[in-house]
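Protein chains in written order, with this note's numbering: chain A, 4 to 119; chain B, 4 to 118.
So this is what it looks like as structure tokens:
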């Protein structure tokens, strides 16, 4: 069975600080995909990144970076020099290649407050 | 950029009434999904749909729920007799698995309020 745990329910940081959102996953599949989605106050789900289980290379996109470590089943997300516009709920998610479709299972989310 | 369109954006209904939420997936996608998010909580999988039939459904998706693709473009979620606990944001999503995309594109959501 697949499971995603985001232990941090809510985080508040002051603008320009760096912040890391933790994500730990469980799966029995050897091939799987990990995702991060952002849900701003407007409510939509915005896709940020997908990672497959064979690619452990860390990724950087502007102020965003992701650290995938299979040894600890973690896929953490760091925002560098945070901005108020980064305030949102961030969901980590998992999809198993053995699924008949692309269904993803979400973690409970981390609500991030960036304080001016 | 192609997008998933959902209507209505917000619906208020009385308990016991039937509700139909509509979605227009991305045109060349083959897999369709409904998710639910009760206010302040996680996004939960309801059902996936492929080739005109349900591919998988969760425990939440009981006999009160049904899905349909009535024509070549729409994908609907029907709640037969709404309950107070059905109040939530409902997200439609689609993916084109056969094209190797494996990324769900979500609509903006339909907020359902049951009174």
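Think of the CB as a built atom: it goes at the ideal place given N, C-alpha and C, for glycine as much as any other residue. Only a predicted model underlies this, so the values are computations on that prediction, with no experimental measurement involved.
Three-state secondary structure assigned by DSSP to residue i
i: residue 117 (chain B); result: strand
i: residue 90 (chain B); result: coil
i: residue 85 (chain A); result: coil
i: residue 73 (chain A); result: helix
i: residue 63 (chain A); result: strand
i: residue 26 (chain A); result: coil
i: residue 106 (chain B); result: coil
i: residue 16 (chain B); result: strand
i: residue 1 (chain A); result: Only positions 4 to 119 of chain A appear in this structure, which leaves residue 1 (chain A) out of reach.
i: residue 140 (chain A); result: Outside the displayed range of chain A (4 to 119) lies residue 140 (chain A), so it cannot be described from this structure.
i: residue 31 (chain B); result: coil
i: residue 98 (chain A); result: strand
i: residue 55 (chain B); result: coil
i: residue 76 (chain B); result: coil
Close Cβ partners of residue i (< 7 Å) along its chain, the five nearest in sequence each way excluded
i: residue 87 (chain A); result: 18, 117, 119
i: residue 99 (chain A); result: 5, 30, 32, 35
i: residue 89 (chain B); result: 82, 115, 117
Counterpart residues of residue i in DSSP-defined beta bridges
i: residue 9 (chain B); result: B:26
i: residue 42 (chain A); result: A:92
i: residue 69 (chain B); result: B:81
i: residue 111 (chain A); result: Looking at the DSSP assignment, residue 111 (chain A) forms no beta bridge with any residue, so it has no partner.
i: residue 50 (chain A); result: A:40
i: residue 39 (chain B); result: B:47, B:93
i: residue 60 (chain B); result: B:50
i: residue 57 (chain A); result: None, per the DSSP bridge assignment.
Spatial distance of residue i from residue j (CA atoms)
i: residue 25 (chain A); j: residue 46 (chain B); result: 17 Å
i: residue 16 (chain B); j: residue 66 (chain A); result: 43 Å
i: residue 4 (chain A); j: residue 77 (chain B); result: 31 Å
i: residue 54 (chain A); j: residue 37 (chain A); result: 5 Å
i: residue 110 (chain A); j: residue 73 (chain B); result: 32 Å
i: residue 12 (chain B); j: residue 64 (chain A); result: 32 Å
i: residue 57 (chain B); j: residue 80 (chain B); result: 12 Å
i: residue 86 (chain B); j: residue 14 (chain B); result: 14 Å
i: residue 65 (chain B); j: residue 85 (chain A); result: 42 Å
i: residue 79 (chain A); j: residue 59 (chain A); result: 12 Å
i: residue 69 (chain B); j: residue 74 (chain A); result: 41 Å
i: residue 91 (chain B); j: residue 41 (chain B); result: 4 Å
i: residue 47 (chain A); j: residue 103 (chain A); result: 26 Å
i: residue 27 (chain B); j: residue 50 (chain A); result: 19 Å
Spatial neighbours of residue i in its chain, beta-carbon cut-off 6 Å, leaving aside the 5 residues before and after
i: residue 28 (chain A); result: 7, 76, 97
i: residue 107 (chain B); result: 96, 98
i: residue 23 (chain B); result: 79, 81
i: residue 43 (chain A); result: 91
i: residue 68 (chain A); result: 81
Nonlocal neighbours in the same chain, by C-beta distance under 8 Å from residue i, ignoring five residues either side
i: residue 108 (chain A); result: 5, 6, 7, 96, 97, 98
i: residue 11 (chain A); result: 24, 25, 113
i: residue 14 (chain A); result: 22, 24, 113, 114, 115, 116
i: residue 6 (chain B); result: 29, 108, 110
i: residue 105 (chain A); result: 98
- prompt: What are the residues of the segment 40–60 of chain A that lie near chain B, defined by any Cβ-Cβ distance shorter than 7 Å?
  reply: Listed in chain order, the positions of the segment 40–60 of chain A with a beta carbon within less than 7 Å of a beta carbon of chain B are 46, 47, 48, 50, 53.
field: Contact residues within the segment 83–98 of chain B, judged by C-beta distance below 7 Å to chain A
entry: Along the segment 83–98 of chain B, going in chain order, the ones with a CB nearer than 7 Å to a CB of chain A are 92, 94, 98.
- request: Return the residues of the segment 101–116 of chain A that lie within a Cβ-Cβ distance of less than 8 Å from chain B, sorted by chain order.
  value: Residues of the segment 101–116 of chain A with a C-beta atom less than 8 Å from some C-beta of chain B are 102, 103, 104, 105, 106, 107, 108, 109, 110, 111, 112, listed in chain order.
- prompt: Got a sec: which bits of the segment 50–72 of chain B sit with their beta carbon under 8 Å from any beta carbon on chain A, in order along the chain?
  reply: Under the 8 Å Cβ criterion, the segment 50–72 of chain B contributes 51, 53, 58, 59.
query: According to a CB-to-CB cut-off of less than 7 Å, which residues of the segment 9–39 of chain A neighbour chain B?
result: Taken in chain order, the members of the segment 9–39 of chain A whose beta-carbon sits within less than 7 Å of a beta-carbon on chain B are 36.
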